[in-house]
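Top line first, the protein sequences correspond to chains A and B. Using the working numbering, the first residue of the first sequence is number 15, and each one after it goes up by one. Using the working numbering, the first residue of the second sequence is number 13, and each one after it goes up by one. For every residue, glycine included, the Cβ atom is placed at its ideal position computed from N, Cα and C. One structure is given below, encoded as structure tokens.
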Amino acid sequence: QKEVEQDPGPLSVPEGAIVSLNCTYSNSAFQYFMWYRQYSRKGPELLMYTYSSGNKEDGRFTAQVDKSSKYISLFIRDSQPSDSATYLCAMSAMNQAGTALIFGKGTTLSVSS
Amino acid sequence: EPEVTQTPSHQVTQMGQEVILRCVPISNHLYFYWYRQILGQKVEFLVSFYNNEISEKSEIFDDQFSVERPDGSNFTLKIRSTKLEDSAMYFCASSNSGNTIYFGEGSWLTVV
């Protein structure tokens, strides 16, 4: 069983749509969850960081963690063509610098105008 | 905004050659990392480095790999004898406290 699973897509939506991106994981020790955005041939850019279960909102982005289901989500409201990118979930068991992050494979999103 | 910078952006090397990838982490960060991403695959952790020592390394980071902080600003990844399967994008990253890490733009390594 893979540690972190993420549907690779591609996911195509029209501008203005609400987008839902998801990851599942198997390691119940994971407590820290991140979403990164990666444009083609570029480095991952941190979008959202959450700890344990619950929701966190930042502008058009909402991150949601359900530890009981081992399931995390990223919602994008009012999606824009500039949101077209690959979205990576990442997680770790400890909030300790130097700890490895475990990544999903990424979901490729395309927002058309 | 401070950023992690990496050089070269792209390098082509012959199999068996040594390669050094360079990074300048964010200036007040203390923890440094290398990750790699084979085309179409996940971003994978290689190694983390703190206080001139390796903090953690993955099983990918074998004896062919080494890291060094040769001076106060640079952080390097050396691959001693490159193999075809080392072809990947290599990302340097840095962090201060906690596990919020910031990535560079990557160095694309092609081994032929």
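Mind listing the chain A neighbours of B:T112? Cutoff is C-beta to C-beta under 7 Å, in chain order.
L60 and Y63
Looking only at C-alpha atoms, which of B:E65, B:F77, B:R81 and B:H41 sits nearest to B:I91?
Relative to B:I91, the option among B:E65, B:F77, B:R81 and B:H41 whose CA is nearest is B:F77.
Using a Cβ cut-off of 7 Å, pull out every chain A residue sitting near B:V55, in sequence order please.
P58, L102 and F117
Take B:L96 as the anchor and find which of B:P20, B:M27 and B:E13 has the nearest alpha-carbon.
Ranking the options by Cα distance to B:L96, first place goes to B:M27.
Write down every uninterrupted run of the beta strand (DSSP E) in the segment 27 to 75 of chain A whose length is 3 residues or greater and which is fully enclosed by it, in chain order.
33 to 39, 46 to 52, 59 to 65 and 68 to 72
Between the alpha carbons of A:N41 and A:S106, how many angstroms are there, rounded?
Near 9 Å, if we compare the C-alpha coordinates of A:S106 and A:N41.
What residue from B:T19, B:G110 and B:N63 has the CA that sits closest to B:V36's CA?
Ranking the options by Cα distance to B:V36, first place goes to B:T19.
Applying a beta-carbon distance threshold of less than 8 Å, which residues of chain B neighbour A:Q110?
G110 and N111
Quick test of the definition: if touching needs 3 or more C-beta pairs under 8 Å, does the segment 87 to 95 of chain A touch the segment 105 to 119 of chain A?
no
For A:S96, does the three-state DSSP call read helix, strand or coil?
helix
With DSSP as the reference, please indicate the residues paired to B:H22 in a beta bridge.
B:W120
Report yes or no: is there a C-beta of chain B within less than 9 Å of the C-beta of A:R74?
Contact with chain B is absent for A:R74, since none of that chain's Cβ atoms lies less than 9 Å from the residue's Cβ.
Note down, in chain order, all residues in the segment 94 to 108 of chain B with a beta-carbon under 9 Å from any beta-carbon belonging to chain A.
M101, F103, C104, A105, S107 and N108
Going along chain A in order, which residues have a C-beta closer than 8 Å to the C-beta of B:G118?
R55, K56 and G57
Please say whether A:A99 and A:F117 have beta carbons closer to each other than 9 Å?
no
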